[in-house]
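Here is the structure we will look at, set down as structure tokens.
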Amino acid sequence: MKFTPYLFLLLLAGCVGLSKEQEAPRPEYVMAIHGGAGTISKDLMTPELETAYRSALQAALDKGESILKAGGSSADAVEATIHILEESPLFNAGKGAVFTHEETVELDASFMDGATLNAGAVAGVKTLRHPISAARLVMDSSVHVMMAGTGADAFGEKMGLEIVENDFFYTDRRLKQVQDRKQAEMEGLQSMLNPREPVLKKYGTVGCVALDKNGNLAAGTSTGGMTNKRYGRVGDAPIIGAGTYANNASCAISCTGHGEYFIRNVVAHDVAARMMYKGLSLEQAAGEVIYDMLPPQGGTGGLVAVDKDGNVALPFNTPGMFRGFVKSTGETGIDIYKEE
844 MKFTPYLFLL LLAGCVGLSK EQEAPRPEYV MAIHGGAGTI SKDLMTPELE TAYRSALQAA
904 LDKGESILKA GGSSADAVEA TIHILEESPL FNAGKGAVFT HEETVELDAS FMDGATLNAG
964 AVAGVKTLRH PISAARLVMD SSVHVMMAGT GADAFGEKMG LEIVENDFFY TDRRLKQVQD
1024 RKQAEMEGLQ SMLNPREPVL KKYGTVGCVA LDKNGNLAAG TSTGGMTNKR YGRVGDAPII
1084 GAGTYANNAS CAISCTGHGE YFIRNVVAHD VAARMMYKGL SLEQAAGEVI YDMLPPQGGT
1144 GGLVAVDKDG NVALPFNTPG MFRGFVKSTG ETGIDIYKEE
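Under the numbering used here, the first residue of the sequence shown carries the number 844, and numbering increases by one thereafter.
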């Protein structure tokens, strides 16, 4: 190719344009949420149920955005947003969480502050109405990172959190779900499971990540775990670096999926590490983990993420993931299925 002055000017103009695109100011604030990923069958989802899910996700986004828009912190926005999701019986967190084999509810949650790298988590709590607030208190008001069981419940009560009876979290839908599962387990007949269960059979976790006007990132995750879990099983949601991670130098992440695989692969931290060590974009790093690394192992699920520049990634390798995001620039969206 002959290098002419005209070609030089064209190349220079292209470089200037690219530079401007790369240096575009980050949004004032960004938030992304999820309500679980898994087998979410579009064929079995009624219009009424889909509307209910979308409305609940929108309410959560609206709550968080109102805090961020007013100049509130990413941590405050994450906590308040997850409160909305924990109160909704549609999601597997707080009210509406799944049952254990013993037909009780055990809840897990975690929280991380990207500015300080401080973190907190609770596992197996039974009486705290909002486990995400307990996780934040462990982060902000203790020298520990994780508390579990009755000790975590006692800590939350001492710190003034609202205490409820375990049956506060019960819903008929979740009770039938675990009873069907137990009956099928006893008889060895998976065919006995409710034929409508696939619409609800998701790796139910709720989560939120946010970037505030001060450039600080935060992440939180809350869950009831797996239906019919036994022996105090704990998944990835309360494990910092596996289900939740935030670092102002890279990104904030909340995961949802088959927790054992997310723990083994330290998924949330791995995405951040790929950005910092390999120089990958958020989309590239999250894609490598969710699409390339987990599936060969049998790991299913997804995550929501926001990076320090306000970019959003919402990857998942399941048929669906309840998800949504909002930016100060006006970009927003709520989706459920893979093809959206």
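Each residue gets a CB set at the ideal place from its N, CA and C atoms; glycine is no exception.
Apply the 10 Å Cβ neighbour rule to residue i and answer buried if 16 or more other Cβ atoms are within range, or exposed otherwise.
{"i": "residue 911", "result": "buried"}
{"i": "residue 1121", "result": "exposed"}
{"i": "residue 987", "result": "exposed"}
{"i": "residue 1073", "result": "exposed"}
{"i": "residue 1092", "result": "exposed"}
{"i": "residue 925", "result": "buried"}
{"i": "residue 1029", "result": "exposed"}
{"i": "residue 1141", "result": "exposed"}
{"i": "residue 904", "result": "buried"}
{"i": "residue 1137", "result": "buried"}
{"i": "residue 929", "result": "buried"}
{"i": "residue 913", "result": "exposed"}
{"i": "residue 1113", "result": "buried"}
{"i": "residue 1134", "result": "exposed"}
{"i": "residue 1151", "result": "buried"}
{"i": "residue 1006", "result": "exposed"}
{"i": "residue 989", "result": "buried"}
{"i": "residue 1175", "result": "exposed"}
{"i": "residue 1050", "result": "buried"}
Given a cut-off of 8 Å, decide if residue j and residue i are closer than it, judged by their beta-carbon atoms.
{"i": "residue 1080", "j": "residue 1096", "result": "no"}
{"i": "residue 962", "j": "residue 1059", "result": "no"}
{"i": "residue 1154", "j": "residue 1125", "result": "yes"}
{"i": "residue 936", "j": "residue 978", "result": "no"}
{"i": "residue 880", "j": "residue 1084", "result": "no"}
{"i": "residue 999", "j": "residue 1018", "result": "no"}
{"i": "residue 948", "j": "residue 1067", "result": "yes"}
{"i": "residue 934", "j": "residue 1021", "result": "no"}
{"i": "residue 964", "j": "residue 981", "result": "yes"}
{"i": "residue 874", "j": "residue 1053", "result": "yes"}
{"i": "residue 883", "j": "residue 1158", "result": "no"}
{"i": "residue 805", "j": "residue 955", "result": "The structure shown does not extend to residue 805, since the chain is modelled only from 844 to 1183, so the question has no answer here."}
{"i": "residue 1094", "j": "residue 1064", "result": "no"}
{"i": "residue 985", "j": "residue 1004", "result": "no"}
Return the first residue and the last residue of the beta strand (DSSP E) that residue i is part of.
{"i": "residue 1065", "result": "1060–1066"}
{"i": "residue 1052", "result": "1048–1054"}
{"i": "residue 956", "result": "950–956"}
{"i": "residue 991", "result": "989–991"}
{"i": "residue 1088", "result": "1087–1089"}
{"i": "residue 967", "result": "962–968"}
Identify every residue that forms a DSSP beta bridge with residue i.
{"i": "residue 1159", "result": "1145"}
{"i": "residue 894", "result": "Per DSSP, none; premise fails for residue 894."}
{"i": "residue 1164", "result": "880"}
{"i": "residue 1095", "result": "1089, 1149"}
{"i": "residue 1169", "result": "874, 1175"}
{"i": "residue 971", "result": "1006"}
{"i": "residue 1083", "result": "1087"}
{"i": "residue 943", "result": "1072"}
Quick one: residues in its chain with C-beta nearer than 7 Å to the C-beta of residue i, no 5 flanking neighbours on either side, listed in chain order?
{"i": "residue 900", "result": "876, 878, 1165, 1167, 1177"}
{"i": "residue 923", "result": "906, 907, 910"}
{"i": "residue 1109", "result": "1084, 1085"}
Quick one: give me the first and last residue of the alpha helix (DSSP H) that residue i is part of.
{"i": "residue 876", "result": "Segment 873–881 is the beta strand (DSSP E) holding residue 876; no alpha helix (DSSP H) there."}
{"i": "residue 982", "result": "974–984"}
{"i": "residue 1102", "result": "1102–1107"}
{"i": "residue 1074", "result": "Note, residue 1074: premise wrong, no alpha helix (DSSP H); not H, not E."}
{"i": "residue 1177", "result": "Unbroken run through residue 1177 is the beta strand (DSSP E), 1175–1180; no alpha helix (DSSP H)."}
{"i": "residue 1120", "result": "1110–1121"}
{"i": "residue 1187", "result": "This structure cannot speak to residue 1187, because the chain is shown only from 844 to 1183."}
{"i": "residue 887", "result": "Looking at the DSSP string, residue 887 is not in any alpha helix (DSSP H), and its letter there is neither H nor E."}
{"i": "residue 1272", "result": "Because the chain here runs from 844 to 1183, residue 1272 falls outside it and cannot be looked at."}
{"i": "residue 921", "result": "917–930"}
Here's a check: name, in chain order, each residue in its chain whose Cβ is nearer than 6 Å to the Cβ of residue i, leaving out the five neighbours to either side.
{"i": "residue 968", "result": "950, 974, 995, 996"}
{"i": "residue 1156", "result": "1125, 1126, 1129, 1148"}
{"i": "residue 919", "result": "910"}
{"i": "residue 1090", "result": "957, 1115"}
{"i": "residue 1171", "result": "870, 871, 872"}
{"i": "residue 915", "result": "none"}
{"i": "residue 991", "result": "966, 967"}
Excluding the 5 residues preceding and the 5 following residue i in the sequence, name in chain order all residues of the same chain whose CB lies nearer than 8 Å to its CB.
{"i": "residue 893", "result": "1179"}
{"i": "residue 932", "result": "938, 939, 1014, 1016"}
{"i": "residue 1123", "result": "1117, 1131"}
{"i": "residue 897", "result": "1177, 1179"}
{"i": "residue 983", "result": "961, 963"}
{"i": "residue 1012", "result": "937, 938, 939, 940, 948, 950, 1067"}
{"i": "residue 1143", "result": "880, 881, 1046, 1100, 1101, 1104, 1137, 1160, 1161"}
Using a threshold of 7 Å, is the CB atom of residue i nearer than that to any non-hydrogen atom of the ligand HEM?
{"i": "residue 980", "result": "Although the ligand HEM was asked about, the structure shown includes no ligands whatsoever."}
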